[in-house]
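All residue numbers for the sequence shown refer to full-length UniProt numbering, where the first residue is 1 and numbers rise by one. Glycine residues also receive a C-beta, built at the ideal position from the N, C-alpha and C atoms. The structure under discussion appears below in the form of C-alpha cells.
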Amino acid sequence: MIKITNTSRAMFHFPDGTPLEPGVPTTVKDWEVHSKNAAVRAWIDQGVLAVTDATAPAPDED
1 MIKITNTSRA
11 MFHFPDGTPL
21 EPGVPTTVKD
31 WEVHSKNAAV
41 RAWIDQGVLA
51 VTDATAPAPD
61 ED
C-alpha cells in the first residue's frame, strides 16, 4: 500500500477527492491508476508530494 505526504503548507485534495493535510501521511487506494495522473506526477516531480511504500519494512534502529 502506498502512502503520500503533502509537503506543502496548504491542504489540497488528491484527484480522488481525498483531502491531503500538510505533513500527514495518507494511504492511497488505486495508486497504479493515480500515479499516471499528470497532476500527481507534477506534484511528485515538484516535491509537493512525497511517496512511500507502506508495505516496505522499516529500517533497523540501533
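Select from S8, W31, E32 the residue whose C-alpha is nearest the C-alpha of W43.
Taking only the C-alpha atoms, the option nearest W43 is S8.
Comparing C-alpha positions only, which one of L20, A50, M11, P15 sits nearest to D30?
Answer by Cα proximity: P15.
Within a Cβ cutoff of 8 Å, which residues of the same chain sit near G47, ignoring the five residues on either side of it in sequence?
Excluding residues within five positions, the ones whose Cβ falls inside 8 Å are T7.
Can you name the residues that DSSP bridges to T5?
DSSP lists A50 as partners of T5.
Taking DSSP as the reference, what is the three-state secondary structure of V28?
DSSP places V28 in strand when its eight states are reduced to three.
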